[in-house]
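With the first letter of the sequence shown counted as 1, position 268 gets the number 268 in the UniProt record's numbering; the numbers rise by one all the way through.
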Amino acid sequence: MSSFFYASPVLLYFQFITEVSLWPLVMKGLAVDIQKLPWALTLDGILSCTFEPDIKLSDIVIQWLKEGVIGLVHEFKEGKDDLSDQDEMFRGRTAVFADQVIGGNASLRLKNVQLTDAGTYQCYIITSKGKGNANLEYKTGAFSIPEVNVDYNASSESLRCEAPRWFPQPTVVWASQVDQGANFSEVSNTSFELNPENVTMKVVSVLYNVTINNTYSCMIENNIAKATGDIKVTDSEIKRRSHLQLLNSKASLGDSSFFAISWVLLPLSPYLMLK
1 MSSFFYASPV
11 LLYFQFITEV
21 SLWPLVMKGL
31 AVDIQKLPWA
41 LTLDGILSCT
51 FEPDIKLSDI
61 VIQWLKEGVI
71 GLVHEFKEGK
81 DDLSDQDEMF
91 RGRTAVFADQ
101 VIGGNASLRL
111 KNVQLTDAGT
121 YQCYIITSKG
131 KGNANLEYKT
141 GAFSIPEVNV
151 DYNASSESLR
161 CEAPRWFPQP
171 TVVWASQVDQ
181 GANFSEVSNT
191 SFELNPENVT
201 MKVVSVLYNV
211 TINNTYSCMI
221 ENNIAKATGD
231 IKVTDSEIKR
241 RSHLQLLNSK
251 ASLGDSSFFA
261 ISWVLLPLSP
271 YLMLK
């Protein structure tokens with residue numbers, strides 16, 4: 001069996017959270033904590049927030065706000081959701097864990113996470129014991145598996161590496177198994193095309209003057225992930241392999257293990273999705 005494994009392009013999005021405030025933050029005697037969470041490949045995100053419990057649910061008010069957004073992200077008061085002042089961009093996408101509020105859990109579930117959900121959020125709490133708030137930074141990003149093909153439209157022997165969506169903008173580096181350590185920047189051309197949603201970008205890189213019976217790698221990397229598309233062209237066949245490494249994580253997606261992912265396939269409705 002060949003050591004090369006063909007993997008068609010797959011689009012992945014992710015979200016992760018880091019706190020930006022010192023916590024716990026105490027205001028008028030009430031402590032509100034946010035918990036730093038590792039990023040995760042999910043369709044939904046959880047913005048974690050806890051506070052000192054109150055014995056009366058009716059005395060608890062939870063407000064989630066986002067910097068730069070006029071309306072509220074979510075509000076819970078008098079034992080139930082109050083979405084009358086919710087901003088339109090969050091309509092139908094937020095929920096608190098209502099049965100856990102009495103125990104001090106003000107965490108927010110954010111459904112169908114979008115890249116535009118990135119920003120600074122505030123968890124603001126009012127109880128009979130006082131008021132308090134804490135801030136957290138919610139970050140999003142996008143990366144996709146590159147596909148490398150022979151560019152038959154080029155005037156010389158060339159390879160074309162394409163990846164449908166990346167954010168933030170990545171770097172692209174070509175490598176060769178035969179010419180290890182070689183710098184291919186002068187014989188390659190890379191472009192970044194903004195996608196219709198005006199956030200992510202399509203990555204296209206062309207490598208010129210390639211040789212037969214050699215393995216070439218197109219490596220795309222940003223601060224989120226490093227994705228590699230390998231191609232080996234011989235006189236009789238073409239072999240491909242794709243690999244994805246999530247940076248600052250032990251997770252790695254490649255070869256057959258790549259298809260162990262079991263998320264839902266969605267249409268082109270941004271963002272956290274497989275395509």
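Where a beta carbon is used, it is the ideal one built from N, C-alpha and C, also for glycine.
Item: Spatial neighbours of Met-201 within its chain, please: CB distance less than 8 angstroms, with the 5 preceding and 5 following residues excluded, ordered by chain position.; Value: Arg-165, Trp-166, Phe-167, Gln-169, Phe-192, Glu-193, Leu-194 and Asn-195
Item: Would you mind working out which of Glu-162, Asn-214 and Val-203 sits nearest Ala-175, comparing C-alpha positions?; Value: Asn-214
Item: Could you name each continuous alpha helix (DSSP H) segment of 4 residues or more that falls completely within the stretch 116 to 199, going from the start of the chain to the end?; Value: none
Item: Please determine if the stretch 136 to 155 and the stretch 78 to 97 are in contact, where contact requires at least 3 C-beta pairs separated by less than 8 angstroms.; Value: no
Item: Tell me which residue opens and which closes the beta strand (DSSP E) that Glu-92 is part of.; Value: First, the amino acid is wrong: residue 92 is Gly here, not Glu. That residue, Gly-92, is in no beta strand (DSSP E); it is neither H nor E in DSSP.
Item: Among Thr-127, Val-69 and Ala-163, which residue has its Cα nearest to the Cα of Val-204?; Value: Ala-163
Item: Could you tell me which of Ile-60, Val-187, Arg-241 and Arg-91 sits nearest to Tyr-208, measuring between CA atoms?; Value: Val-187
Item: On the CB-based measure, 16 or more other CB atoms within 10 Å of its CB, does Arg-91 come out buried or exposed?; Value: exposed
Item: Can you tell me where the beta strand (DSSP E) with Asp-230 in it begins and where it stops?; Value: 225 to 233
Item: Below 8 angstroms on the Cβ atoms is my guess for Asp-54 versus Leu-72; work out the distance and round it to an integer in Å.; Value: Their Cβ separation, rounded to whole angstroms, is 21 angstroms, which puts Asp-54 and Leu-72 out of contact at 8 angstroms.
Item: So, helix, strand or coil for Gln-100, using DSSP?; Value: helix
Item: Looking at the unbroken beta strand (DSSP E) that takes in Thr-215, where does it start and where does it end?; Value: 214 to 221
Item: Counting C-beta neighbours from all protein chains within 10 Å, is the total for Asn-135 16 or more, i.e. buried, or is it exposed?; Value: buried
Item: Would you give the residue range spanned by the beta strand (DSSP E) that Glu-75 belongs to?; Value: 74 to 77
Item: Whose C-beta lies closer than 7 angstroms to the C-beta of Gln-63 among residues of the same chain, with five residues either side of it excluded?; Value: Leu-72, Glu-75 and Tyr-124
Item: Residue range of the beta strand (DSSP E) that Gly-45 falls in?; Value: 45 to 47
Item: Taking the Cβ atom as the reference point for each residue, do Leu-47 and Leu-115 lie within a distance shorter than 8 angstroms?; Value: no
Item: Going by CA-CA distance only, name the one from Val-61, Asp-151, Val-150 and Asp-117 that's closest to Gly-45.; Value: Asp-117
Item: From which residue to which residue does the beta strand (DSSP E) around Gln-63 run?; Value: 61 to 66
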